[in-house]
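Numbering (the working numbering), first residue to last: 270 to 1004.
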């Protein structure tokens, strides 16, 4: 048989040169891992990872050489009716201060033992006191140093069991949360891998065949993680990219291997020889993998236009792992299948009942076949019901609110979060600062100092900003940072009003008038606001890029303008429904007990754009597979209705299995403590499940039935588009 496309040629070559293809893949994975380990990951500078004006302010501060410091707080609280001035509390405070003073690198200790510090260190209810201190050094140094005060506080607690003594701060919280995240990650991996193996065993009915997708996915991920090191030397990457590579790599790796392997096994069940079955799989499913991979990478490329280096890093990482997986699917996978097929090992370790059912079904799903029969019998009713359901799920997304969960988004069962809650109860309404960064030749000069004082006075006079305030000056006197407390929690409407007045009214009327100075307002609220503004402004660009290229790819692949338009509409419906589910669950709080979280009244600002790109790309995998099989049948002369029925039935099993694998991988993240991870897991799992069921099993066949021959409409002016054979001619199966 003459191969008619790149995938077929690659599959044929790999099957004929099995040793070269398999060993070449192994060498690539090993070399990538070794080189990546030696090169290391060049991480994005934290100050350059923001957006807009706040990013500019962060970069000015970073370059000014301010001493690195991290603040921590020790809460000392009397139990039952014990008050802050009780002898037990005072003794514990003295012990805390004494131990902290002996630790090198800890400075600026504040405690109620000093009369001048009592205002900031004694709670209003008189039950709690705080010992505040600073840790000096780089982030890496502070990360190691924080163990010492944590150990000291634990020792004080042990020595004074009559009072509560515990520590909280960004450094100590990050350490405990990181440990919990690592534990959650291992748990999620164990659950997802276990479910994945069960699903694959059911899908393939044999241990060896079920292991192939896992091998492809795992090796593609390992090789890509190794490549991140060299790539990051060209464009700095975020450390979280590696985790995203694992998620996406496993998902697409298992998908592509299932598409390829299941097609080969179906052809073997029909009586074709291993060589002929592999040729058919290479020319059909192999080509589907190639088109799907290009479509997924196109969608991921949309992240490059999001206006933030973190998004760009995510885009690079995901495109890289999909590209590596596609290469492995076109070389290592067919070589492995050829080797196992020739040896007769592909179906070793059979699961008897499952294997028997697969042979009896002849590649078509009976369950989905029954559903499809009803859908095709009443396509208009099916379209209205399924479409109405998805539109109803999309409606809550219209009320989508953005909010970073922060510490409020973690499970309250974590000890460090319980400490956070007690600190907030004892010292409520901690000041949230908005900082004004002023860069000049000499910020200690009289005109600059006068303008800074005016900034302070006018800001306080607005009633939107308040004390405590402060001014820090860089060692070279080129930068001053003026901190003022704003209203609200930092990410709510009250905080945004304070920020708007500071930026639009106060700063222009004071320090903004100084000649030869550069001014920027940053801080928590400014960073969140700028990120949302930049991301929102880039949304039309990202959407236009992703949708346009997806349209072109599908247009060229299927020579129809109806297929790509319908694919885009259906995928947008599944993404919109996922947004609606996120709002219902995380913004409105339905399911707090089930998922063990506390709603913060919004969704993390970066998640909707991230989910759109990821979901649009992954959903196209299934769409390309199903439409390719339908087009094969049409090209063989089947009527539109028969082709739709055949295409859906013959792919329903693999689509369902592949979708369940993705749901297992993504859904496991909803079991962790971090609410952002939960939002990602629920959003991805819900959209994939909707796409593989309501979209593929109901809306797609129903609309194709309604449109009939119009599905393949191509204007005369586009007749020059290349023609692709969707199924090669194969020698007749032996009797």
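Where is the CB? At the ideal position from N, CA and C, for every residue including glycine.
Candidates 803, 411, 310 and 843: which alpha carbon is nearest residue 575's? That would be 803, whose Cα lies nearest to the Cα of residue 575.
Shortest alpha-carbon distance to residue 928 belongs to which of 469, 603 and 321? Residue 928 has its Cα closest to that of 469, out of 469, 603 and 321.
Write down the C-beta distance between residue 680 and residue 865 rounded to the nearest angstrom, noting that I regard them as a contact closer than 8 Å. The Cβ separation is near 5 Å, so the contact holds.
Which residue or residues does DSSP assign as beta-bridge partners of residue 283? In DSSP, residue 283 forms no bridge with anything.
Here's a check: name, in chain order, each residue in its chain whose Cβ is nearer than 8 Å to the Cβ of residue 302, leaving out the five neighbours to either side. Closer than 8 Å at Cβ, skipping near neighbours: 491, 492, 494 and 495.
Would you mind giving the Cβ-Cβ distance between residue 847 and residue 880, rounded to the nearest angstrom? I have them listed as a contact below 8 Å. Going by Cβ atoms, the distance from residue 847 to residue 880 rounds to 6 Å, so yes, they are a contact pair.
Residue 692 and residue 402: beta carbons closer than 7 Å? Against a cut-off of 7 Å, the Cβ pair of residue 402 and residue 692 comes out as no contact.
Assigned exposure category for residue 577 - 16 Cβ within 10 Å defines buried: The residue in question, residue 577, is buried, as its Cβ has 16 or more Cβ neighbours within 10 Å.
Give me, in chain order, the residues of the same chain whose beta-carbon lies closer than 7 Å to that of residue 713; leave out the 5 immediate sequence neighbours on both sides. The answer, listed in chain order, is 742 and 746.
Between the C-alpha atoms of residue 954 and residue 933, what's the straight-line distance to the nearest angstrom? Linking residue 954 to residue 933 through their CA atoms gives a straight-line distance of about 8 Å.
In whole angstroms, give me the CA-to-CA distance for residue 734 and residue 767. Residue 734 and residue 767 have their C-alpha atoms roughly 6 Å apart.
Is the region 903 to 917 touching the region 826 to 845, taking contact as three or more C-beta pairs under 8 Å? As far as the Cβ criterion goes, the region 903 to 917 does not touch the region 826 to 845, which means the pair count is below three.
How is the beta strand (DSSP E) around residue 753 delimited, first residue to last? Segment 748 to 755, the beta strand (DSSP E) holding residue 753.
Within 10 angstroms of its Cβ, does residue 389 collect 16 or more other Cβ (buried), or is it exposed? Residue 389 is exposed by the Cβ-count criterion.
Other residues of its chain near residue 445: CB distance less than 8 Å, five sequence neighbours each side excluded: Only 683, 684 and 685 meet the Cβ criterion.
Considering only residues of the same chain and omitting the five flanking positions on each side of residue 894, which have a CB-CB separation below 8 Å? Correct list, in chain order: 528, 554, 557, 561, 920, 923 and 924.
In three-state terms, what does DSSP make of residue 339? If DSSP states are grouped into helix, strand and coil, residue 339 belongs with the strands.
Tell me, please, whether the region 404 to 422 touches the region 329 to 342 by the rule of three or more beta-carbon pairs shorter than 8 Å. Segments in contact, yes.
Could you name the residues that DSSP lists as bridge partners for residue 436? In the DSSP output, where bridge partners are listed per residue, residue 436 has 343.
Are the CB atoms of residue 648 and residue 974 nearer to each other than 7 Å? By the CB criterion at 7 Å, residue 648 and residue 974 fall inside the cutoff.
Are the beta-carbon atoms belonging to residue 843 and residue 707 less than 7 Å from one another? In this structure, residue 843 sits away from residue 707, with a CB-CB distance that is not shorter than 7 Å.
Going straight from the alpha carbon of residue 367 to that of residue 394, what length do you get? Approximately 26 Å between the Cα atoms of the pair.
Residue 949 lies in the beta strand (DSSP E); which residues open and close that run? For residue 949, there is no enclosing beta strand (DSSP E); the enclosing alpha helix (DSSP H) covers residues 944 to 959.
When you compare the CB positions of residue 594 and residue 489, do they come within less than 7 Å of one another, or not? Yes, they are a contact pair.
What would DSSP say about residue 379, mapped onto helix, strand or coil? In the structure shown, residue 379 sits in a strand (DSSP, three-state: E or B).
My parser needs the beta strand (DSSP E) runs of 3 or more residues fully inside the region 358 to 409; what are they? The qualifying runs are 375 to 379 and 397 to 405.
For residue 270, name the three-state secondary structure that DSSP assigns. Any reading at residue 270 must be qualified, since the residue scores a pLDDT of 36, below 50, and its modelled position is unreliable; the value itself is stated next. Per DSSP, reduced to three states, the secondary structure at residue 270 is coil, with no helix or strand assignment.
According to DSSP, simplified to helix, strand and coil, what is residue 311? Reduced to three states, the DSSP call for residue 311 is coil.
So the candidates are 545, 520, 607 and 380; which of them puts its Cα closest to the Cα of residue 565? Minimum Cα distance to residue 565 is reached at 520.
Where residue 1001 sits in the DSSP three-state scheme: Confidence at residue 1001 is low in this model, with a pLDDT of 39, below 50, so its placement is unreliable and the value that follows should be read with caution. In the structure shown, residue 1001 adopts coil according to DSSP, grouped into three states.
For residue 996, which three-state DSSP category applies? With a pLDDT of only 48 at residue 996, under 50, the local geometry of the prediction cannot be trusted, and the value read off the model is given with reservation. DSSP places residue 996 in coil when its eight states are reduced to three.
Any heavy atom of the ligand FMN closer than 6 Å to the beta-carbon of residue 903? The ligand FMN is not among the ligands present in this structure, which contains no ligands whatsoever.
Every unbroken alpha helix (DSSP H) inside the region 845 to 914 [4 residues or more]: For the region 845 to 914, whole alpha helix (DSSP H) runs of length 4 or above, ordered along the chain, are 861 to 864 and 876 to 904.
Pair within 7 Å by beta-carbon distance, residue 728 and residue 753: In this structure, residue 753 lies closer than 7 Å to residue 728 by Cβ.
Using a Cβ-Cβ cutoff of less than 8 Å, which residues in the same chain neighbour residue 477 once the five nearest sequence positions on both sides are dropped? Hits under 8 Å: 609, 614, 615, 616, 617 and 618.
Cα separation between residue 823 and residue 907? If you take the alpha carbons of residue 823 and residue 907, they lie about 21 Å apart.
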